[in-house]
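Asks: Residue numbers (this note's numbering): 292 to 575.
C-beta: ideal position from N, C-alpha, C; glycine also.
Everything numeric in this text was worked out from a predicted model, so none of it was measured.
(1) Once the 5 residues before and after residue 328 are set aside, which same chain residues still bring their CB inside 6 Å of it?
(2) Apart from the five residues on each side of it in sequence, which residues of its chain come closer than 6 Å, Cβ to Cβ, to residue 312?
(3) Determine the direct distance from the alpha carbon of residue 420 to that of residue 575, and round the result to whole angstroms.
(4) Find out if the Cβ-Cβ distance for the pair residue 570, residue 413 is shorter than 9 Å.
(5) Could you compute how far the alpha carbon of residue 399 sits from the alpha carbon of residue 381?
(6) Check this for me: beta carbons of residue 346 and residue 504, under 9 Å apart or not?
(7) What residue ranges within the segment 352-411 form continuous alpha helix (DSSP H) runs of no fewer than 4 residues, ordered along the chain?
(8) Skipping 5 residues on each side, what residues in its chain have a beta carbon closer than 7 Å to that of residue 566?
(9) Classify residue 340 as helix, strand or coil using the three-state DSSP reduction.
(10) Rounded to whole angstroms, what is the Cα-Cα separation between residue 422 and residue 318?
(11) According to DSSP, is residue 430 helix, strand or coil?
(12) Quick one: grab the DSSP three-state call for residue 324.
(13) Tell me which same chain residues have a C-beta within less than 6 Å of the C-beta of residue 450, skipping the five on either side of it?
(14) Under 8 Å: do the segment 355-368 and the segment 457-467 share three or more Cβ pairs, one atom per stretch?
(15) Here's the rule: buried if 16 or more other CB atoms are within 10 angstroms of the residue's CB, otherwise exposed. What is residue 550?
(16) Quick one: measure Cβ to Cβ for residue 524 and residue 296, integer angstroms, because I've assumed they're closer than 8 Å.
(17) For the structure I just gave you, are there three or more beta carbon pairs, one from the segment 463-483 and one from the segment 294-309, closer than 8 Å?
(18) Do you know how far the Cα of residue 478 is from the Cα of residue 341?
(19) Is residue 311 helix, strand or coil when you go by DSSP?
(20) Distance check for residue 458 and residue 578, CA to CA, integer angstroms please.
(21) Over what stretch of residues does the alpha helix (DSSP H) that includes residue 571 continue unbroken?
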């Protein structure tokens, strides 16, 4: 039987997979448009379906019991978004994935410190297995020491804090409220910092970017919903689902068959998932 904790784990895996596809679309767009414009378009297109749902439900997306904390998290998450986009622009995506994998490692102590969650050795083992799988699959080289990786490091730390704060807000806040504050903050920041850099977007690119935004909207919802259902530390190892879209894209687009390193990496990641998923019956 799937309880709320296990359902939350499934949600966050789906969210991470969808986010990875969305990130791939946005990374490609940065070859044409500025980082500010790409982030704006991504935020705008993923916010539209959320607003439509809120309108149909006759609900105020900004109605919050903890507005100050929502705003703080939105600003923090926006900084993380800028950092990861800068990392994608100036470093290899595979190296960024490896560094991004450290987010789950940071989440566990932060969950204990900020949320008061109990430390669980098996959760840590699940994260270590997942991180080992990512490192083995991507095998980072000298590129891991490039300047752009610094942004990935900052993003990993910020993302860990962000996930813990989402869990904290989820005790009282609606998922759509948490998402709305973040997207609104990103839209305002991009307009202020880079509105003068925006260029005309072709119809084809609008369709592609809107697809990336809509995929991102589902990803945001699944991840935010997951934190309502399970513990922050219990969900940490699900972050390594980022490898799956990479394998799919390589196979479908570049006709690249996964090598033995990737296959063993996937086995390690799935092993971590199995451990964490079984723990969800106890971690709530």
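Replies: A quick look at the data gives this:
(1) 489
(2) 506 and 536
(3) With a pLDDT of only 49 at residue 575, under the threshold of 50, the placement of this residue in the model should not be trusted, and no figure is reported.
(4) yes
(5) 29 Å
(6) no
(7) 358-381, 384-391 and 394-401
(8) 413, 416 and 417
(9) helix
(10) 23 Å
(11) coil
(12) coil
(13) 371 and 394
(14) yes
(15) exposed
(16) Their Cβ separation, rounded to whole angstroms, is 12 Å, which puts residue 524 and residue 296 out of contact at 8 Å.
(17) no
(18) 14 Å
(19) helix
(20) Only positions 292 to 575 of the chain appear in this structure, which leaves residue 578 out of reach.
(21) It is not in any alpha helix (DSSP H) - residue 571 carries neither H nor E in the DSSP assignment.
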